[in-house]
Amino acid sequence: MTDITRRNFLRACISAAALAGLPPSMRDVLAAAQEIPANNANGSIKDVEHVVILMLENRSFDHYFGTMRGVRGFGDRFPIPLASGKPVWFESDGDREVPPFHLDMKRMNALKVDTTSHEFADTQAAWNQGRFGFWPKFKIDMINNQATGHSMGYYTRTEIPFQFALADAFTICDNHHCSVLSGTDPNRIFFWSGSNSDPARREKGLNQTPETSEPNNLRSWVAGNWPDPGYAYLGDGFDWPTIPDVLQEADVSWRIYQDPNDNWEGAMHGGLAFNSFRNSKKGSPIYEQGMSDWSLTDLATHVKDGTLPQVSWVVPSQAQSEHSGGSSPLSGAKYTAQVLKALVSNPEVWSKTALFITFDENDGYFDHIPPPAVPSFNPDGSLAGAASLDVKGMYFEAPNFDPYLDLLRERTLGEMGMEDLMPTDNIYLDPRDKESGLVRPYGMGPRVPMYVVSPWSKGGWVSSEVFDHSSVGQFLEKRFGVTVSAISPWNRAVAGDLTSAFDFASPNDPIVPQLPETKHALNIEAIQIAMPPAAPPASPQAFTQERGTRPSRPTPYELDVTSQLDDNSKVTLRFANTGQQGVVFHVYDRLHLDRIPRRYTVEAGKTLADTAWNTADDGGAYDLDVYCPNGFLRTFKGNVKQAGVAALITQVAYDVKGGAVRAKLRNLGTAPVEVRIVANAYRKDGPWVVPVAPQATVEQSWKVSDSGNWYDFTISAPGLERRFAGRMENGDNLISDPAMGTS
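Per this note's numbering, residue 448 is the first one in the sequence shown, and the count goes up by one each step.
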């Protein structure tokens, strides 16, 4: 397709009415963003000559996109179970269940809803070591200091049309997590450096402390004007190299576009926690490129004159940050559109630019996916799980006192007139959250949106590989040949480098829908403020997801879980990862949902086995669910006391070349076994009854190409039930789960 043909075709996809409703500036942005072809000189990541990074504030994935078609949202067929046995949606405020509810801008102040608590203590308590259950109980309204339930609120296309349109136009990552179970500073420090805690201490296998890490907001908050008289800092500065330090050392050009006196008192700038920034002198690269005033006007100028650095961070102000309460989705959309407008003003530059737009953390907003994390500690001090690599040093050890309490009182809530909300002792763990002691995993945290906006990611794709704030750093490593040494081996094993969200080989074919205008944001915000406060309804309301699929990028996963039963009432699970990226398996014991879920980190090419489930106290019964990324599920249910049940071995295998999934059934016993197999989704044939003779092996296979390689089957025999569901990867672009959002 020629450039002229492509341009005419894309213009024809936008109705005249839609174009007429846009201001001329936005119309130009849309035309440029859709019509400019990608640089395709190498057909690889080398075609990216500029990386621009915009981190906004405090939104979870479900809060924004739980209703969007084709992403893992409210239509997720496999939500984890709560201790009550109900799905994860039925969170409690301590008195009543508060499932997700619509932040309806027609009925309430939905767009300027107050922020909720989002520090280490309340996030640990809400996450509950992976058990969830009491999200609205711990995520309280910070202004009124009480549980309101609006942490369970979500938007639809009506409230955030720009955000939906941006995702529909480019690529949305639905498995992107913040990196720390905490707030702004901890995650922005991680984002700017690759770690939130001292890498040298981690390498020694030592737990982190408040002095060696950033569990709560402290070090990036500043007082004073820049450059005269300069900033006053809190807490000791960190000394490991930031990503700007790494780029500078490698002679990769970079700049931070910000107003140093309108960056939410420094909180938007994770580099301010580091001595290399704090001690920088006028004329030095860090001072000139990372501490000085560089506006969006400067960004636009540098784009137009071809002097845009190879790597740029864009730091919004509080009002533009999209933070609940202090900003709004409309203000954030308007700011994002301004950044995009600047970038597409020069087609030559935009054709070589990748724009990453994400959020530092989730505020207090609920997300239903259990974050990948290292194993928690059980109350007896044992690990609830295991890892194929050393994860010592990946934990925070909360002290019995807070060495920075007075500083926090003065600089955070104190300046907002809310000193009474500050606790008087340990601020790292909620006093009601004591079950597994003072040592807690640092992260990952809940999912946050990540848009990949570029000429190589147009077309409304979803990328479901696990990413976190280390992923942008890993992308920079791959593109510019640098090493961000602070990124931990565990994060590298589990989080991808974002390259799978791009199509560098053939990027210039997708059709991109138009983006709505944002010029009326302030007027709409004013109307919203006058409406009743956001609150969950008295009676729970239905929450649903749009029907339909979206094109889906391949993921690097090829996983398997098998079970083994023995005569001593024990169940062994074996976790195998034959894919290209590490993964965390989450195991929930449905007979003991009060227990901490067990987590197993298995690197690519590795296996782990654990004999952790003794069924003696349950009369031989067991019921285990295993969850992994992108709808992978394995369930193991039965009773080891059933005669002959241990003789049947079930295994699932992929026939990638043949486009089929196979179930292998082995009967090690002396009596025949009749196995029944049922398709739970994607197909209407079956069930299949398969006799397996003693000492025999039987295989049953099914083509999965008609369902986009998605499958879901249950195998049952006397005393035994196994379910296997997921997507068989073949390295090609596929579709999102066609069974999501259909109920």
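Every residue, glycine too, gets a C-beta built ideally from N, C-alpha and C.
- In this structure, DSSP gives Val899 an extended state, which the three-state scheme calls strand.
- Residue pairing by DSSP places Met738 in no beta bridge whatsoever.
- For Thr996, the closest alpha carbon among the candidates Ser1183, Trp937, Ala989, Pro756 is that of Ser1183.
- The way I'd put it, the segment 745-765 does touch the segment 705-717; three or more beta-carbon pairs between them come closer than 8 Å.
- Assigned with DSSP and collapsed to three states, Lys559 falls in coil, not helix or strand.
- For Gln785, no beta strand (DSSP E) encloses it; the enclosing alpha helix (DSSP H) starts and ends at 776-791.
- In this structure, the beta-carbon distance from Tyr678 to Gly684 does not fall below 8 Å.
- Asn556 and Val929 have their alpha carbons spaced roughly 46 Å apart.
- Exclusion of the five residues before and after Arg519 leaves Asp621 as the residues of its chain whose Cβ lies within less than 6 Å of its Cβ.
- Taken through DSSP and simplified to helix, strand or coil, Phe581 comes out as coil.
- For Arg939, the enclosing alpha helix (DSSP H) covers residues 936-941.
- When the alpha-carbon of Tyr898 is set against those of Pro676, Val821, His624, Leu755, the nearest one is in His624.
- By the C-beta criterion, the segment 1131-1142 is judged not to be in contact with the segment 1043-1056, since fewer than 3 inter-stretch pairs fall below 8 Å.
- Excluding its 5 nearest sequence neighbours in each direction, Phe581 has C-beta neighbours in its own chain below 6 Å: Ser539, listed in chain order.
- Spatial neighbours of Leu1038 in its own chain (CB-CB distance under 8 Å, excluding positions within 5 residues in sequence) are listed in chain order as Asp1065, Ala1068, Tyr1069, Asp1070.
- Listed in chain order, the non-local C-beta contacts of Thr656 below 7 Å within the same chain comprise Glu844, Pro846, local neighbours out to five positions each way being set aside.
- Taking each of Asp588, Asn1061, Lys905, Pro756 in turn and checking the Cα distance to Ala612, the smallest one comes out for Lys905.
- Within the segment 1042-1089, the complete beta strand (DSSP E) segments at least 3 residues long are 1045-1049, 1054-1061, 1068-1075, 1079-1086, listed from N- to C-terminus.
- As the crow flies, the alpha-carbon of Met552 is around 54 Å from that of Ile1096.
- At a Cβ-Cβ threshold of 8 Å, Lys586 and Gly811 count as neighbours.
- CA-CA distance, Leu558 to Asn575, rounds to 28 Å.
- Positions of the beta strand (DSSP E) runs, each at least 3 residues long and wholly inside the segment 606-646, are given as 618-620 in order along the chain.
- Remark: C-beta atoms of Leu1040 and Ala573 do not approach each other more closely than 8 Å.
- Annotation: Glu795 is outside any beta strand (DSSP E); the continuous alpha helix (DSSP H) that includes it extends over 794-797.
- Under DSSP, Met502 forms a beta bridge with Thr805.
- Pairwise C-beta distances place the segment 488-507 out of contact with the segment 881-889, as fewer than three of them are shorter than 8 Å.
- Minimum Cα-Cα distance from Pro936 among the listed residues Lys1017, Val1030, Ser1163 corresponds to Val1030.
- DSSP places Val1136 within a strand segment (E or B) once states are collapsed to three.
- Straight through space, the alpha carbons of Phe1032 and Ser823 are spaced by roughly 13 Å.
- Annotation for Met841: Arg649, Val821, Pro888, Tyr889, Ser935, Trp937 place their beta carbon closer than 8 Å to its own, counting only its chain and skipping 5 residues before and after.
- Met515 is the residue among Asn489, Val499, Ile690, Met515 whose C-alpha sits nearest the C-alpha of Gly1188.
- Measuring C-alpha to C-alpha distances from Val919 to each of Val1008, Val498, Asp542 identifies Val498 as the nearest.
- Annotated as proximal: Trp668 and Glu712, with beta-carbon spacing under 8 Å.
- Per DSSP, Pro987 is not a residue of any beta strand (DSSP E), being assigned neither H nor E.
- Out of Ile733, Thr1161, Val1073, Gln1027, the CA that lies nearest to the CA of Asp698 is found in Ile733.
- Shortest Cα-Cα distance from Asn663 to any of His565, Ser739, Tyr511, Lys781 involves His565.
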